[in-house]
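Positions 916 to 1057 (my numbering) are the ones given, in order, by the sequence shown. This report concerns only the one structure given below.
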Amino acid sequence: MPRGTYVLLTHVPYDLVISVGELGNRSFKAGYYAYVGSALGGLEARVGRHLRQKKLSRWHIDYLLARARAVDVVAAESEERKECAVAGELAKNLSSIRGFGSSDCKCESHLFYSPDPRELLRQVLLGFKACGLKPKKGVRYG
């Protein structure tokens, strides 16, 4: 089972305030979000779990996905944990939700926002490539 780094692209159709576990309430503007994660136990299992409708909320992204829709997945195989490097690249050009998805690292965030889905995807693909990864768009898991 391939391991690696993935980005879930999600759509929030209208402004929301969501209680995100220990982070508390967070505001989400209508638009598109990119959540960066790693799956060293296997991309298929991790991304498939995120895309399932019925699950316990374990990670920050689970709280968002209860109210938003996943629209695409970008993934790259890697034996190394590269999610923080990709998040660092995205942070250069995109706004983020502070503390989201980054409670186990020193990154400011692993969730990035854009009102434009094409620009968000472009930034994600550039971020993967800047980290030496070969991204695959439209990966189907679950």
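Quick reminder that beta carbons are idealized off the backbone N, C-alpha and C, glycines included.
Sort out for me which residues DSSP pairs residue i with in a bridge.
| i | result |
| --- | --- |
| G919 | A954, E992 |
| D987 | L924 |
| L1026 | Y950 |
| L931 | F943 |
| S1018 | Looking at the DSSP assignment, S1018 forms no beta bridge with any residue, so it has no partner. |
| K1052 | V989 |
Where does residue i land, buried or exposed, given buried means 16+ other C-beta within 10 angstroms?
| i | result |
| --- | --- |
| H975 | buried |
| Y947 | buried |
| K1049 | exposed |
| G1057 | Residue confidence for G1057 is low, a pLDDT of 47 falling below 50, so the modelled location carries little weight and cannot support an answer. |
| Q968 | exposed |
| C1020 | exposed |
| G1016 | buried |
| S942 | exposed |
| S934 | exposed |
Compute the minimum distance between the beta carbon of residue i and the heavy atoms of the ligand COA, and state whether it is under 8 Å.
| i | result |
| --- | --- |
| V922 | No copy of the ligand COA occurs in the structure displayed, which carries no ligand at all. |
Can you tell me which of the options puts its alpha carbon nearest to the alpha carbon of residue i?
| i | options | result |
| --- | --- | --- |
| V1039 | L924, R973, F943 | L924 |
| S1059 | R961, P928, G936, R918 | Residue coverage of the chain in this structure runs from 916 to 1057, which leaves residue 1059 outside it and unanswerable. |
| T920 | A1006, A983, A985, E959 | E959 |
| C1022 | L955, L980, S1011, A990 | S1011 |
| D1031 | R973, A954, V922, A945 | A945 |
| Y978 | K1051, V932, F1043 | V932 |
Rounded C-beta distance between residue i and residue j? I'm assuming under 8 Å.
| i | j | result |
| --- | --- | --- |
| E998 | G952 | 6 Å |
| L1035 | A949 | 6 Å |
| G957 | R918 | 6 Å |
| V962 | A990 | 7 Å |
Beta carbon of residue i, beta carbon of residue j: below 9 Å?
| i | j | result |
| --- | --- | --- |
| E992 | A1045 | no |
| S1024 | A1000 | no |
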